[in-house]
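Participant: Read in order, the letters of the sequence shown correspond to residues -29 to -1, 1 to 200 in mature numbering (1 follows the signal peptide of the UniProt record, and there is no 0). We put the beta carbon where it would ideally sit given N, CA and C, even for glycine.
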Amino acid sequence: MTRPARRTGGLATCAAGVALLLAGCTAPAAPDYAEPLSAERAPAAQDEEPAPGAATPDQERREPGPQQEEPQEEDVPAMEPSVPVSIELPSIGVVSDVMRLGLQDDGVIEVPPYGAGSPAGWYRHSPTPGEVGPSVILGHRNAWEGGPGIFADLPDMAVGDTVEVPREDGSVAEFRVYRTDRFVQEEFPTLDVYGNTAGPELRLITCDGLNQETGELEDNFIVYASLQG
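1) Assuming contact is defined by CB atoms lying nearer than 7 Å, are Thr99 and Pro61 in contact in what I supplied?
2) I need the DSSP call for Glu158, collapsed to helix, strand or coil.
3) Evaluate Glu20 with the Cβ neighbour count: other Cβ atoms within 10 Å of its Cβ, from every protein chain shown; 16 or more gives buried, anything less gives exposed.
4) So if DSSP puts Met70 in a beta bridge, which residue, or which two residues, is it bridged to?
5) Tell whether a beta-carbon distance below 7 Å holds between Glu184 and Val56.
6) For the region 164 to 194, list the beta strand (DSSP E) runs that are entirely contained and at least 3 residues long, ordered along the chain.
7) Drop a sphere of 10 angstroms on the beta-carbon of Asp76, count the other beta-carbons inside from all chains shown, and report buried for 16 or more, exposed for fewer.
8) How about Ala196 and Phe146: do their beta carbons lie closer than 7 Å?
9) Is Gly200 helix, strand or coil when you go by DSSP?
10) So Val47 and Gly200 are supposed to be a Cβ contact under 8 Å. How far apart are they, rounded?
11) Do you know how far the Cα of Val66 is from the Cα of Gly120?
12) Is DSSP giving Ile80 helix, strand or coil here?
13) Using only the alpha-carbon positions, how far apart do Asp163 and Thr177 sit?
14) Report yes if the C-beta distance between Val130 and Val148 is below 7 Å; otherwise report no.
15) Taking the C-alpha atoms as reference points, what is the distance between Arg112 and Tyr94?
16) In terms of residues, what are the limits of the beta strand (DSSP E) holding Leu109?
17) Met50 and Ser142 look like a contact to me (Cβ under 8 Å); what is the Cβ gap, rounded to whole Å?
18) So, are the CB atoms of Pro160 and Gly101 less than 7 Å apart?
19) Can you pull the DSSP bridge partners for residue 204?
20) May I ask which residues mark the beginning and end of the beta strand (DSSP E) holding Glu135?
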């Protein structure tokens, strides 16, 4: 049965200095795309203090776990640059506005503000969805006050699912998921997420892996998708 769609409220101003995505989740540092990313320049993540009681039991490591197939091989023409205005994940019943996120002074990505209506956020130093390269969109697993965040069910996404990203110019970039993966935050795959790609791709990032003893989410869950023609 399809879950009812969850729509966020209006776009909100990003508050710097907030821990990424939810309790105990580490914010991945990011390149500024001024030059190709290499292993030597891959930035480290920053630890943040957890928010007590924010994690919930359904955010444990989920099975069957990561999935992968080869990305689509056919040449799909890239789209002209246009910023995303919303995102739709039909397989998990999510519809969200998309706000723009930059970098904090320490090189860590800004995040959407916590709240029951917190939207997803596009990292504005990554390509716009549909351009060549990996466009990066972040979302919370839960709200600061409790309850689900916009990406609460992201770990339920599977290879073959679709992602639609309506853009400011009226076009829609449609992606197909070819990989899902989970990483311990200290082993965040910076090159895989932010590194150059041959065609237009999308990365969706949230947190996962609840430690029942500490109440912290210790992993990042990442969805990889490629543009469809």
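Facilitator: Looking at the atomic coordinates:
1) Locating residue 99 in the sequence shown gives position 128, where the first residue counts as 1. Locating residue 61 in the sequence shown gives position 90, where the first residue counts as 1. Against a cut-off of 7 Å, the Cβ pair of Pro61 and Thr99 comes out as no contact.
2) Indexing the sequence shown from 1 puts residue 158 at position 187. It is helical.
3) Here residue 20 corresponds to residue number 49 of the sequence shown, with the count starting at 1. Model confidence at Glu20 stands at a pLDDT of 33, short of 50, so the residue's coordinates are unreliable; what they give is reported in the following sentence. The residue is exposed, with fewer than 16 neighbouring Cβ atoms inside 10 Å.
4) Position 99 of the sequence shown, counted from the first residue, corresponds to residue 70. In the DSSP output, where bridge partners are listed per residue, Met70 has Gly92.
5) Within the sequence shown, residue 184 is the residue found at index 213, counting from 1. Within the sequence shown, residue 56 is the residue found at index 85, counting from 1. Not closer than 7 Å, so no.
6) Fully enclosed beta strand (DSSP E) runs of 3 or longer: 171 to 182.
7) Stepping through the sequence shown from its first residue, residue 76 is reached at position 105. Label assigned to Asp76: exposed.
8) Numbered from its first residue, the sequence shown carries residue 196 at position 225. Numbered from its first residue, the sequence shown carries residue 146 at position 175. Yes.
9) Locating residue 200 in the sequence shown gives position 229, counting from the first residue. It is coil, neither helix nor strand.
10) Taking the sequence shown and counting its residues from 1, one reaches residue 47 at position 76. Taking the sequence shown and counting its residues from 1, one reaches residue 200 at position 229. Indeed, because the Cβ distance is near 4 Å, the residues count as touching under 8 Å.
11) Looking up residue 120 in the sequence shown gives position 149. Looking up residue 66 in the sequence shown gives position 95. Approximately 12 Å, taken between the alpha carbons.
12) Position 109 of the sequence shown, counted from the first residue, corresponds to residue 80. Ile80 sits in a strand when the DSSP states are folded into three classes.
13) For the purposes of this step, residue 163 is identified with residue 192 of the sequence shown, where counting begins at 1. For the purposes of this step, residue 177 is identified with residue 206 of the sequence shown, where counting begins at 1. Between Asp163 and Thr177, the C-alpha separation is close to 15 Å.
14) Mapped onto the sequence shown, residue 130 falls at position 159. Mapped onto the sequence shown, residue 148 falls at position 177. Yes, they are a contact pair.
15) Position 141 of the sequence shown, counted from the first residue, corresponds to residue 112. Position 123 of the sequence shown, counted from the first residue, corresponds to residue 94. Cα to Cα, the separation comes out at about 17 Å.
16) For the purposes of this step, residue 109 is taken as the residue at position 138 of the sequence shown. Taken as a continuous stretch (DSSP letters only), the beta strand (DSSP E) holding Leu109 covers Gly104 to Leu109.
17) Along the sequence shown, read from residue 1 onward, the residue named residue 50 stands at position 79. Along the sequence shown, read from residue 1 onward, the residue named residue 142 stands at position 171. That belief holds up - the Cβ atoms of Met50 and Ser142 are roughly 6 Å apart, short of 8 Å.
18) For the purposes of this step, residue 160 is taken as the residue at position 189 of the sequence shown. For the purposes of this step, residue 101 is taken as the residue at position 130 of the sequence shown. Not closer than 7 Å, so no.
19) Because the chain here runs from -29 to 200, residue 204 falls outside it and cannot be looked at.
20) Translated into positions along the sequence shown, residue 135 becomes position 164. Where Glu135 is concerned, the enclosing beta strand (DSSP E) stretches over Thr133 to Pro137.
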